[in-house]
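The working numbering numbers the first residue of the sequence shown as -2 and each following residue consecutively. For every residue, glycine included, the Cβ atom is placed at its ideal position computed from N, Cα and C. Quick caveat, the model's predicted, so the values are computed rather than measured.
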Amino acid sequence: MKARFEMTLRRNRAGRLSAWPGGRSGGWQIIYTGFILIMLSFFILLTSFASLDSSKITRFASSFSNAVNVLGGGKSIERSTTLLESEMQLLPKKDLVAQLFEQVRTISQEEELDQISLSRSDQGVVMILKDNLLFDSARADLTPAAYPRLKKIARMIDRIPVPVEIGGHTDDRPIHTGAFPSNWELSTARAISVLRRMIEHHGVDPQRLSAVGFSQYQPLAENSSPENQAMNRRVEFVFLVEG
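In structure tokens form, the structure reads like this:
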């Protein structure tokens, strides 16, 4: 059967003839049906986007809950679960730093890392080790006593999927040796020694690591006493939150 298309002629106010499809009623039905189909498709598209966002949020909440869930003895129920970088982007940076701080704190307890301190910064989460845990005075070669501690930190880095900056810091006492003309060279060499240990002995992805020396110019306290100077001589692992 051939499709039939009718045209109805009418006179408008100017007395001219106008063509209307489908007789007296067929045209508006076709237009109305098309409009309904377009609106239905639009609402289906909106529903799909809403479902996608909800599933991302649900996955994020589940992954973080597993990452910080701790048993009575301080052991995590699921050690290998970590926040995914794509899911972390759902939260503002301030909240990301707070979540990351809890994750670093929990994993450091599980690894039984002692003699460290944790703090938050605009960049992320900072883990601080005093220099005598890793080096002899005025040296940049790691001591054998540092190896087990760095192995635990390497496992931490593997479980927390964010970039990590290793920073070397000194006190304000000048150094003038053949190897280290100033505190810049000493602080940088120490950071690089730690970085190389992480990559060469523990298989940490080098693309996730960076090393930098700050010399004496980012002290935690005034260099007014031997205790404060010891506090300023340190290595920092900064778990970076980007964005």
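DSSP, reduced to helix, strand and coil, places isoleucine 28 within a helical segment of the structure shown. Between phenylalanine 211 and glycine 175, the C-beta gap is not smaller than 8 Å, which leaves the two residues out of contact.
DSSP links alanine 208 through a beta bridge to Ile163. When DSSP states are grouped into helix, strand and coil, arginine 231 belongs to the strand group. Under DSSP, arginine 117 forms a beta bridge with Val122. C-alpha of threonine 103 to C-alpha of lysine 127: approximately 21 Å in a straight line. For the options Pro223, Phe32, Gln213, Ile163, the alpha carbon positioned closest to that of glutamine 204 is the one of Ile163. Judged by DSSP secondary structure, valine 101 falls within the alpha helix (DSSP H) whose first and last residues are 90 to 107. Taking histidine 198 as reference, the option from Leu93, Arg152, Ala95, Leu130 with the minimal CA-CA separation is Arg152.
For leucine 217, the secondary structure class from DSSP, reduced to helix, strand or coil, is coil. The closest CA to that of arginine 117, considering only Val159, Ala95, Ile157, is found on Ala95. Only residues of its own chain outside the window of five on either side were considered, and among them Lys127 have a CB closer than 7 Å to the CB of alanine 227, listed in chain order.
The Cβ atoms of valine 209 and alanine 188 lie closer than 8 Å to each other. Residue range 180 to 199 is occupied by the alpha helix (DSSP H) that includes threonine 185. Counting the other Cβ atoms within 10 Å of the Cβ of methionine 36 gives fewer than 16, which makes it exposed. Pairing leucine 130 with arginine 146 gives a Cβ-Cβ distance under 8 Å.
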